[in-house]
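Number of protein chains: 2
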Amino acid sequence: MTTAHVFDQAIALTPQGGNLFAGHTSAAYGNMVGPFGGITAAQAMNAVLQHPQRLGEPVSLTVNFAAALAPGPFEVEARPARTNRSTQHWVIDVRQDGQSVLTGTAFTALRRDTWSLDEEAMPQCPSPEQVASGVGSIPMEWVKQYEMRPIAGAMPAVWDGSGDSSLTQLWVRDQPPRSLDFASLTALSDVFFPRLFVRRATLVPVGTVTLTIYFHADTAQLQATGSGHLLAQARAQAFRNGYFDHTAQLWNQAGVLLVTTHQLVYYKN
Amino acid sequence: MTTAHVFDQAIALTPQGGNLFAGHTSAAYGNMVGPFGGITAAQAMNAVLQHPQRLGEPVSLTVNFAAALAPGPFEVEARPARTNRSTQHWVIDVRQDGQSVLTGTAFTALRRDTWSLDEEAMPQCPSPEQVASGVGSIPMEWVKQYEMRPIAGAMPAVWDGSGDSSLTQLWVRDQPPRSLDFASLTALSDVFFPRLFVRRATLVPVGTVTLTIYFHADTAQLQATGSGHLLAQARAQAFRNGYFDHTAQLWNQAGVLLVTTHQLVYYKN
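Laid out in structure tokens, this is it:
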């Protein structure tokens, strides 16, 4: 008997009948306060993926982090709000003690081959083998579950207010390597350190409030990616009165744009 | 007695008690099939804005278009799913005949002055006075409700498959001019013609499936903008197997980034 990958253990859900699923927070994906948002998003997405009435593959997901999850059990409700001929709209609610800790919506669809084009080309970067692995001494548990090879815009080594760009580029994959699927791609879409830290080299309390992911890749493209490295790129557009955004992309090593993703993050200052 | 602006007529809602509001589609904002998505998004947002329990100002909104609205009445439910000390998470459902036609979530918050910075600078563009108004002979009613001055990436004049970039830049505001608020900024965030038309100069059926808006501006910045022109910019990142995205920004004429917004659009081909 083999032991399941730490990620599969973390996102495991037990069907409770109807639209309800039971899950449990994972200490392996702990963050400063509560779990890594990416793992909570993946748990929410997994309820849609596991739902017996699901039609098609994930195309978009939005999750809103309403409160930090307490260590322990949680309940996910994934409700198909509208099912059309080839598309389906989902409403998601993650609860602890009857209170919403995450709200969200997802969209799944049967996809067909069409004219396609990536307008946002993968930037020129050194290969994963040319970039050292490691992000320094970062105490959060979840960071250990990813192999990260920062190319540009790594976590500042000194907090001296010296940044001049929020652009980050890194190679990243699960650690140990795991074949990519929609759940792990969901978590990987939240793998970026806060743009404020990079732009400003200043450490302040932060927390993502909403995250949206557009899945350009289908199952075949995820399978072709396998357990290879992803090039992840993120950049802020505005920091304003307590909230900043970022816009991000993830490509596989072959240059296929798998995901475009955006988030809005609270910051205190 | 003055007549209300066409936009205010379109987004008017009648409270039905609790979290429910009654509205009616607006012929003035008709699109090819059903209404302009921006007006439906604004109607959904308006339920949050009108809700007596609302805390703070809109910071983010995601709406998913589950079905084209039929001309006639609709019901909006805007439910405060979680209220924290200075933030609030909303779940939105727009229904016709008891069926969801739009699902969504919103986030409102009390904002405070903090260190702020716009990383995405307004591009160099001619002023509104230097750009001709008009977008050609476009039959959709909603287009008449906006003053549009295209700078780059206008609707193709001929459909010859000749495009090489999806970038669009235009000056835009309500027509007749109307002081900017969160409802009108919501609608303006969806004002872009489909990126596929621009990139490919090919006319195919399209429809937005999900739209996310991050409001960087607060009420004071909207008031300072008044009824001035906004510079709107959009660009696709990927067109893939039936869905393309776009990432967009809206600045006021003073160069303040008011909104960053993203959407995913279905296309047939």
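Line by line, the protein sequences give chains H and D.
To convert a position in the first sequence, counted from 1, into my numbering, add 918.
To convert a position in the second sequence, counted from 1, into my numbering, add 918.
We put the CB at the ideal spot given by N, CA and C, even for glycine.
Listed as beta-bridge partners of D:HIS1180 by DSSP are D:THR1130, D:THR1165. According to the DSSP secondary-structure assignment, D:PRO1068 is paired through a beta bridge with D:LEU1088. In this structure, H:HIS969 keeps its C-beta atom at 9 angstroms or more from the C-beta atom of D:ASP1163. Looking at H:GLY941, H:SER1107, H:SER1045, the one whose alpha-carbon comes closest to that of H:LEU1168 is H:SER1107. Interface residue (Cβ-Cβ distance to chain D less than 9 angstroms): H:GLN1014 is not classified as such. By the neighbour-count criterion, in which a residue is buried when 16 or more other Cβ atoms sit within 10 angstroms of its Cβ, H:GLU1037 is buried. If you look at D:THR1032, you'll find it isn't in any beta strand (DSSP E); DSSP assigns it neither H nor E.
The beta carbon of H:ALA1101 lies closer than 8 angstroms to those of PHE925, ILE929, ALA960, MET963, ASN964, LEU967 in the same chain, with the five residues before and after it left out. Residue-level contact by beta carbon holds for D:ALA999 and chain H, with a gap shorter than 9 angstroms. Under the DSSP assignment, H:PHE1100 falls in the alpha helix (DSSP H) whose first and last residues are 1100-1106. H:ALA984 is the residue among H:TRP1008, H:ALA984, H:ALA996 whose C-alpha sits nearest the C-alpha of D:ARG1003. Annotated three-state conformation of H:ARG972 is coil, per DSSP. Distance check between H:THR921 and each of H:PRO1094, H:PRO1112, H:VAL1049 places H:PRO1094 closest, using alpha-carbon atoms only. H:THR921 has a beta carbon lying at 9 angstroms or more from every beta carbon in chain D. A Cβ-Cβ contact shorter than 9 angstroms links D:ARG1153 with D:LEU1085.
Secondary structure of H:ALA960 (DSSP, three-state): helix.
For H:ASP1163, the nearest beta carbon of chain D is closer than 9 angstroms to its own beta carbon. Against chain D, the beta carbon of H:GLU1038 has neighbours under 7 angstroms at GLN1155, ALA1156, listed in chain order. For the pair of segments examined, the segment 941-958 of chain D was found to touch the segment 1048-1063 of chain D: the number of CB pairs separated by less than 8 angstroms reaches three. At a cut-off of 9 angstroms between beta carbons, D:ALA930 makes no contact with chain H. H:GLY974 is positioned such that its CB atom lies no closer than 9 angstroms to that of H:THR1023. Of the candidates H:PRO1041, H:GLU1065, H:SER1045, H:GLU1065 places its Cα closest to the Cα of H:GLY1052. Within the same chain, and ignoring the five residues on either side of D:TYR1184 in sequence, the residues whose Cβ sits closer than 7 angstroms to its Cβ are VAL1124, GLY1125, VAL1127, GLY1160, TYR1161. Of all C-beta pairs linking the segment 982-996 of chain D to the segment 1010-1022 of chain H, fewer than three are shorter than 8 angstroms, placing the two stretches out of contact. Boundaries for D:VAL1019: no alpha helix (DSSP H) harbours it, while the beta strand (DSSP E) harbouring it runs 1017-1027, taken from the DSSP string. Boundaries of the beta strand (DSSP E) around D:PHE1157: 1156-1158. What D:THR1178 touches in chain H, judged by beta-carbon distance under 8 angstroms, is GLN1155, ALA1156, ASP1163, THR1165, HIS1180, going in chain order. Counting only Cβ-Cβ distances below 8 angstroms, D:SER1084 has contacts in chain H at GLU1037, in chain order. Annotation: Cβ neighbours of D:ARG1029 in chain H (cutoff 7 angstroms, chain order): ASN1159, GLY1160. Taken through DSSP and simplified to helix, strand or coil, H:THR980 comes out as strand. Closer than 9 angstroms to the CB of H:GLN1042 there is not a single CB belonging to chain D. In this structure, DSSP gives D:TRP1060 a helical state, which the three-state scheme calls helix.
For H:GLN1171, there is no enclosing beta strand (DSSP E), since its DSSP letter is neither H nor E.
Distance from the CA of H:GLY990 to the CA of H:PHE954, rounded to the nearest whole angstrom, comes to 14 angstroms.
In this structure, H:GLY1146 lies away from H:LEU1088, with their beta-carbon atoms at least 9 angstroms apart.
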